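These notes concern the structure reproduced below.
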Amino acid sequence: MNIIRTKEQLGPNVTKYVVDAPLVAAHRKPGQFVIIRVSDRGERIPLTIADADAEMGTITLIVQAVGKTTREMAMLNPGDSLHDVVGPLGKPTHIQRFGTVLCVGGGIGTAPLYPIARAMKEARNHIITVLGARTQNLLILEDEMRSVSDELYVTTDDGSRGTKGVVTDAIRTLVQSGRHIDQAVVIGPPLMMKFTSMLTKELGIPTMASLNPIMVDGTGMCGGCRVVVGGDVKFACVDGPEFDAHEVDWDTLIRRLGTYRNAEQAAAEQLDHMCRIGLHGGTPA
Amino acid sequence: MTNAERLRIPPVAMPEQEPAERIHNVREVPLGFTREMAMTEAQRCLHCANQPCVEGCPVGVRIPEFIKAVEAGDEAAGIAIIKETNLLPAVCGRVCPQEEQCQENCTVGRSHRDVSQAVQIGKLERYLADWEREHHAAVVPKLPPATGKRVAVIGSGPAGLTVAGDLAKLGHAVTVFEALHKPGGVLAYGIPEFRLPKEIVDAEVAYLTRLGVNFQYNTVIGKSLTVDEVRHSYDAVFIGSGAGLPNFLHIPGENLLGVYSANEYLTRANLMHAYDEDSDTPILRGKSVAVLGGGNVAMDSARTALRLGAHRVMVIYRRSEQEMPARKEEYQHATQEGVEFRFLENPVEILGGTDGWVTGLTVQKMQLGEPDASGRRRPLPIAGQTSNVPADVVVVAIGNNPNPLIPAALPGLQVNQHGGIVTNEDTMETSVPGVYAGGDIVLGAATVILAMGQGRKAARAIHAYLSSRGRVSG
Chain A
148 MNIIRTKEQL GPNVTKYVVD APLVAAHRKP GQFVIIRVSD RGERIPLTIA
198 DADAEMGTIT LIVQAVGKTT REMAMLNPGD SLHDVVGPLG KPTHIQRFGT
248 VLCVGGGIGT APLYPIARAM KEARNHIITV LGARTQNLLI LEDEMRSVSD
298 ELYVTTDDGS RGTKGVVTDA IRTLVQSGRH IDQAVVIGPP LMMKFTSMLT
348 KELGIPTMAS LNPIMVDGTG MCGGCRVVVG GDVKFACVDG PEFDAHEVDW
398 DTLIRRLGTY RNAEQAAAEQ LDHMCRIGLH GGTPA
Chain B
-10 MTNAERLRIP PVAMPEQEPA ERIHNVREVP LGFTREMAMT EAQRCLHCAN
40 QPCVEGCPVG VRIPEFIKAV EAGDEAAGIA IIKETNLLPA VCGRVCPQEE
90 QCQENCTVGR SHRDVSQAVQ IGKLERYLAD WEREHHAAVV PKLPPATGKR
140 VAVIGSGPAG LTVAGDLAKL GHAVTVFEAL HKPGGVLAYG IPEFRLPKEI
190 VDAEVAYLTR LGVNFQYNTV IGKSLTVDEV RHSYDAVFIG SGAGLPNFLH
240 IPGENLLGVY SANEYLTRAN LMHAYDEDSD TPILRGKSVA VLGGGNVAMD
290 SARTALRLGA HRVMVIYRRS EQEMPARKEE YQHATQEGVE FRFLENPVEI
340 LGGTDGWVTG LTVQKMQLGE PDASGRRRPL PIAGQTSNVP ADVVVVAIGN
390 NPNPLIPAAL PGLQVNQHGG IVTNEDTMET SVPGVYAGGD IVLGAATVIL
440 AMGQGRKAAR AIHAYLSSRG RVSG
């Protein structure tokens, strides 16, 4: 039973859950993910692991309620259970002493970035973190990231926190001020990862990105999560989810993520309707 | 009854759902024999002394004996005979390629010089298995005392279920680890409901549970538990982790929106019930669906597409009807349902619009040349003859490699160039002592019964291995 132990609202539609998953908690490494189902007729969705406590047998998931499944998850409360949790899946992040590591987090992408930054710090790297979000209340884990970073910069599109602008502005400023960066890790919305990767390529900074394609089984069977990296087809669930950002075909990834946009919209509207007429327990977050 | 009289009885036709009706539902197509039909079909068996049919069965079911029980109207005796050697008769009766195995060898078919005239062994097997399930007659055999030995089975597909059942019956404590949220492996995610109702798989798993087998779902060995942890906690390990990454054609356009691997398409439909409006898992319901490939998985994909509401479904295969590896029965069912077969056409490009969605494909007309390594005539392009086929969903059904997870997680495990685990043919033991493997993880992409045959061999060898390592009864 994957009982939800605690639930905390981190921002509008962004919720942090601590969930029982002892095997995952004992085995997970930074960069890995789980696949969950909320209910018996639910779909399988991949979620990154933000943290874990092997002794307590719990993992931390940070989820933005965007589609039907994540919104149904937002209706669950401590004591409720997730129907299924399987993992940890994917290859762990390659952690080593690079020197100076730039950690770039966009929106909810900061959740999986946090354990990676911490492990990079423990490997005695100098950590420069740049966090970006549209607006202040969409920034998450700023304090946690600060605790594992030597330097931390924040950008928001509207200037409500940190510097007004986007993460690439902050990275450019850093490099222009003469900072040398040995390795970058970027996790966030695909478009943000694409632009960050274009910039770091221009600046000659090796960059890893964690990809979030559509998945079904997550164990190397269905091939739904295929991505193009360096001209070859790779499967994010077993070959990734992290890849050399400069080799990723971002446009194909972004396009394929839109495969079910119509179905997702219809499902979300149906859920709204069910909630309004009281046929669905709880209220949407 | 004399043999001459038996030979004169024509094969009994199993009733089926009408094609026009069945493409609008996912219920099973062949409806099963009545008792009278089964008894008549059983009368066609000559009970040959040399039993060529048994020779053709990968698990050696004592076929003439169970058929005799059907003829005598003793279903309980019949199913008991089958279950001595075949743990999953309701599954095998439906999905085994009997026409290439037991029925191919049948003397009745041989004397008519037509394999379709053979005794319908598979259908009789299904009859008995269904009788047992419908009458809740499954008997749990008296189990020997516990041996105290623990066996881990990785994967709950046909190979894993066979190993689990065989070893549980010998008194070993068996735990089956399944990566997905449901048991059955390919029986659950791959083979469609209309060919193998999932309640049958569930019933088989429930039976194994009654034998004491423990199932752990959502557990990926190599990830949720390391292979070493499993090896330390169990006295022997069987790897039946099955099919892995699907093959693609490596032609332009395979990453367009609307292009699926058959594994993904069928998993969405079967495991995730995407055909059901109540399911949260989406699937693209194409109007014009092109399925690439000519095997059973291609047939399953094409027939699934019809049931998802496609107006036109095409199977595009680069060789001719004769070389097509799909079972004749599946091919016939697909044809009856209106699937269009385009033989001797090789897809060379998948076409898409500016929005990234698939719009069709370009196919190259082929002709057959000399036989190739597979013994089938090699398809060769006819210069200058290409054409475009419109499609809004394309399903690539050209096979898959073995699953990569366990080989990646167990250093020292010997694999072949395709990633299949190398095993001793007689014992299914791998290069790692105490670790055995069978099914698609060894074979690549094979059949349910071959996986079960390997499972049976492995179970025998595991039992011998455990017995040689300390006190084991049974």
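Chains as they are written, first to last, in my numbering: chain A, 148 to 432; chain B, -10 to 463. We put the CB at the ideal spot given by N, CA and C, even for glycine. As the structure is a computational prediction, the values presented were derived from the model and not from experiment.
Worksheet item: Are the Cβ atoms of ALA426(B) and ILE228(B) separated by less than 7 angstroms?
Response: Position 437 of the second sequence, counted from the first residue, corresponds to residue 426(B). Position 239 of the second sequence, counted from the first residue, corresponds to residue 228(B). Their beta carbons are under 7 angstroms apart, which means ALA426(B) touches ILE228(B) by this criterion.
Practice prompt. Can you give me, in chain order, the residues of the stretch 207 to 226 of chain B that have a beta carbon less than 8 angstroms from any beta carbon in chain A?
Written response: Listed by position along the chain: ASN207, THR208, VAL209, LYS212, SER213, LEU214, THR215.
Worksheet item: DSSP three-state call for SER357(A): helix, strand or coil?
Response: On the first sequence, residue 357(A) is found 210 positions in, with the first residue counted as 1. Strand at SER357(A).
Discussion item. Could you give the first and the last residue of the continuous beta strand (DSSP E) run that contains TYR206(B)?
Written reply: Against the second sequence, residue 206(B) aligns to sequence position 217. Run containing TYR206(B): none; DSSP gives neither H nor E here.
Worksheet item: On the premise that GLU289(A) lies in contact with VAL277(A), defined as a C-beta separation below 8 angstroms, what is that separation, rounded to the nearest angstrom?
Response: Counting from one through the first sequence, the residue named residue 277(A) turns up at place 130. Counting from one through the first sequence, the residue named residue 289(A) turns up at place 142. At roughly 12 angstroms, the Cβ-Cβ gap does not stay under 8 angstroms, so VAL277(A) and GLU289(A) are not in contact.
Discussion item. Let's see if you can read the secondary structure: which residues bound the alpha helix (DSSP H) around GLN323(A)?
Written reply: Reading the first sequence from its first residue, position 176 is the one you call residue 323(A). It spans 314 to 323 - the alpha helix (DSSP H) in which GLN323(A) sits, taken as one unbroken run.
Discussion item. Counting beta carbon pairs with one atom in the stretch 114 to 128 of chain B and one in the stretch 396 to 415 of chain B, are three or more of them shorter than 8 angstroms?
Written reply: no
Worksheet item: Cβ atoms of GLN6(B) and VAL15(B): under 7 angstroms apart, would you say?
Response: Locating residue 15(B) in the second sequence gives position 26, counting from the first residue. Locating residue 6(B) in the second sequence gives position 17, counting from the first residue. No; because the gap between Cβ atoms is not below 7 angstroms, this pair is not in contact.
Practice prompt. Note down the Cα distance separating SER462(B) from GLY160(B), rounded to an integer number of angstroms.
Written response: The residue you call residue 462(B) lines up with position 473 of the second sequence. The residue you call residue 160(B) lines up with position 171 of the second sequence. Residue confidence for SER462(B) is low, a pLDDT of 44 falling below 50, so the modelled location carries little weight and cannot support an answer.
Fill in: Beta-carbon proximity list for VAL209(B), same chain, < 6 angstroms, skipping 5 on both sides
The residue labelled residue 209(B) in the question sits at position 220 within the second sequence. Excluding residues within five positions, the ones whose Cβ falls inside 6 angstroms are ALA168.
Worksheet item: Which parts of the stretch 310 to 383 of chain B are runs of the beta strand (DSSP E), unbroken and 3 residues or longer, counting only runs that do not cross its ends?
Response: 329 to 332, 334 to 341, 347 to 360, 366 to 379
Worksheet entry | Alpha-carbon spacing of ILE151(A) relative to ASN224(A), whole angstroms | Counted from its first residue, the first sequence places residue 151(A) at position 4. Counted from its first residue, the first sequence places residue 224(A) at position 77. Their backbone Cα atoms lie some 7 angstroms apart in a straight line.
Practice prompt. Taking ILE501(B) as part of the beta strand (DSSP E), name the residues at either end of that continuous run.
Written response: The requested residue 501(B) is not part of the displayed model; chain B covers only -10 to 463.
Discussion item. Would LEU156(B) and VAL165(B) be called neighbours here (beta carbons separated by less than 7 angstroms)?
Written reply: Within the second sequence, the letter at position 167 stands for residue 156(B). Within the second sequence, the letter at position 176 stands for residue 165(B). Not in contact: LEU156(B) and VAL165(B) (Cβ atoms no closer than 7 angstroms).
Item to complete: Counting only the same chain and skipping the five closest in sequence on each side, list residues whose C-beta sits under 7 angstroms from that of SER307(A).
Response: Translated into the one-based positions of the first sequence, residue 307(A) becomes position 160. These residues qualify, in order along the chain: THR282, GLN283.
Worksheet item: Should LEU394(B) be flagged as near chain A, meaning a C-beta pair shorter than 7 angstroms?
Response: As a first step, residue 394(B) is located in the second sequence; it is residue number 405 there, counting from the start. So, interface residue.
Discussion item. Assuming LEU260(B) and TYR206(B) are in contact, meaning their beta carbons sit under 8 angstroms apart, how far apart are those beta carbons, in whole angstroms?
Written reply: Translated into positions along the second sequence, residue 260(B) becomes position 271. Translated into positions along the second sequence, residue 206(B) becomes position 217. Contact doesn't hold; Cβ gap of about 12 angstroms is too wide.
Practice prompt. With 7 angstroms as the threshold, decide whether the Cβ of PRO391(B) is near any Cβ in chain A.
Written response: Here residue 391(B) corresponds to residue number 402 of the second sequence, with the count starting at 1. No, its Cβ sits nowhere closer than 7 angstroms to a Cβ of chain A.
Worksheet item: Three-state secondary structure (DSSP) at VAL461(B)?
Response: Locating residue 461(B) in the second sequence gives position 472, where the first residue counts as 1. For VAL461(B), the pLDDT reaches just 47, beneath the cut-off of 50, and the residue's location in the model is therefore unreliable, leaving the point undetermined.
Worksheet item: Any idea what DSSP makes of HIS466(B), helix, strand or coil?
Response: No answer is possible for residue 466(B): it lies beyond the span of chain B, which begins at -10 and ends at 463.
Worksheet item: What does GLY371(A) touch in chain B if you count any residue whose Cβ is under 9 angstroms from its own?
Response: Translated into positions along the first sequence, residue 371(A) becomes position 224. Those within 9 angstroms of GLY371(A) in chain B are TYR249, SER250, ASN252, GLU253, THR256, ARG257.
Worksheet item: Among the residues of its own chain, which have a CB less than 8 angstroms from the CB of ARG367(B), if the five just before and after it don't count?
Response: Position 378 of the second sequence, counted from the first residue, corresponds to residue 367(B). Only residues of its own chain outside the window of five on either side were considered, and among them LEU357, GLY358, GLU359, PRO360, ASP361 have a CB closer than 8 angstroms to the CB of ARG367(B), listed in chain order.
Fill in: Alpha carbon of HIS170(B) to alpha carbon of ASP231(A), nearest angstrom
Within the second sequence, numbered from 1, the residue matching residue 170(B) stands at position 181. Within the first sequence, numbered from 1, the residue matching residue 231(A) stands at position 84. Cα to Cα, the separation comes out at about 7 angstroms.
Discussion item. Are the CB atoms of ILE196(A) and VAL166(A) within a distance shorter than 7 angstroms?
Written reply: The residue you call residue 166(A) lines up with position 19 of the first sequence. The residue you call residue 196(A) lines up with position 49 of the first sequence. For VAL166(A) and ILE196(A), no; Cβs fall outside 7 angstroms.
Item to complete: Just mark HIS262(B) as buried or exposed, buried being the case when its beta carbon has 16 or more other beta carbons within 10 Å.
Response: In the second sequence, residue 262(B) corresponds to position 273, counting from 1. Its Cβ being crowded by 16 or more others within 10 Å, HIS262(B) is buried.
Worksheet item: Leaving out five residues before and five after GLU394(A) in sequence, what residues of the same chain have Cβ atoms less than 7 angstroms from its Cβ?
Response: In the first sequence, residue 394(A) corresponds to position 247, counting from 1. Result list for GLU394(A): VAL376, GLY377, in chain order.
Item to complete: Would you check if the stretch 386 to 393 of chain A and the stretch 213 to 232 of chain B touch, i.e. whether three or more CB-CB distances between them fall below 8 angstroms?
Response: Counting C-beta pairs closer than 8 angstroms gives fewer than three between the stretch 213 to 232 of chain B and the stretch 386 to 393 of chain A, which falls short of the contact rule.
Practice prompt. Please confirm if ARG265(A) has its CB atom under 7 angstroms from at least one CB of chain B.
Written response: On the first sequence, residue 265(A) is found 118 positions in, with the first residue counted as 1. No, ARG265(A) lies away from the interface with chain B (no Cβ there is under 7 angstroms from its Cβ).
Worksheet entry | Where the beta strand (DSSP E) through LYS276(B) begins and ends | The residue labelled residue 276(B) in the question sits at position 287 within the second sequence. Per DSSP, LYS276(B) belongs to no beta strand (DSSP E) and is neither H nor E.
Worksheet entry | Cα-Cα separation, GLU88(B) to ASN75(B) | Mapped onto the second sequence, residue 88(B) falls at position 99. Mapped onto the second sequence, residue 75(B) falls at position 86. Answer to the nearest angstrom: the Cα atoms are 18 angstroms apart.
Discussion item. Taking the beta carbon of ASN405(B) as the centre, do at least 16 other beta carbons fall within 10 Å, making it buried, or is it exposed?
Written reply: On the second sequence, position 416 is the one that residue 405(B) refers to. Looking at its Cβ environment, which holds fewer than 16 other Cβ atoms inside 10 Å, ASN405(B) is exposed.
Fill in: Cutoff 7 angstroms: THR270(B) Cβ touching any chain A Cβ
Here residue 270(B) refers to the residue found at position 281 when the second sequence is read from its first residue. Yes - at least one Cβ of chain A is within 7 angstroms of the one on THR270(B).
Worksheet entry | Pairwise C-alpha distance: THR347(A) and VAL286(B) | Taking the second sequence and counting its residues from 1, the one referred to as residue 286(B) is at position 297. Taking the first sequence and counting its residues from 1, the one referred to as residue 347(A) is at position 200. Taking the Cα positions, VAL286(B) is about 44 angstroms away from THR347(A).
Practice prompt. Give the DSSP bridge partners of ARG184(A), in chain order.
Written response: One-based indexing of the first sequence puts residue 184(A) at position 37. ARG184(A) pairs with ASP231(A).
Worksheet item: Under 7 angstroms, do LEU455(B) and LYS187(B) count as touching if we go by C-beta distance?
Response: The residue labelled residue 455(B) in the question sits at position 466 within the second sequence. The residue labelled residue 187(B) in the question sits at position 198 within the second sequence. It is not a contact, given that the beta carbons lie outside the stated cut-off.
Worksheet item: Contact check, SER213(B) vs LEU229(A) under 8 angstroms by CB: the rounded distance?
Response: One-based indexing of the second sequence puts residue 213(B) at position 224. One-based indexing of the first sequence puts residue 229(A) at position 82. Actually they do not touch by this definition, with Cβ atoms about 15 angstroms apart.
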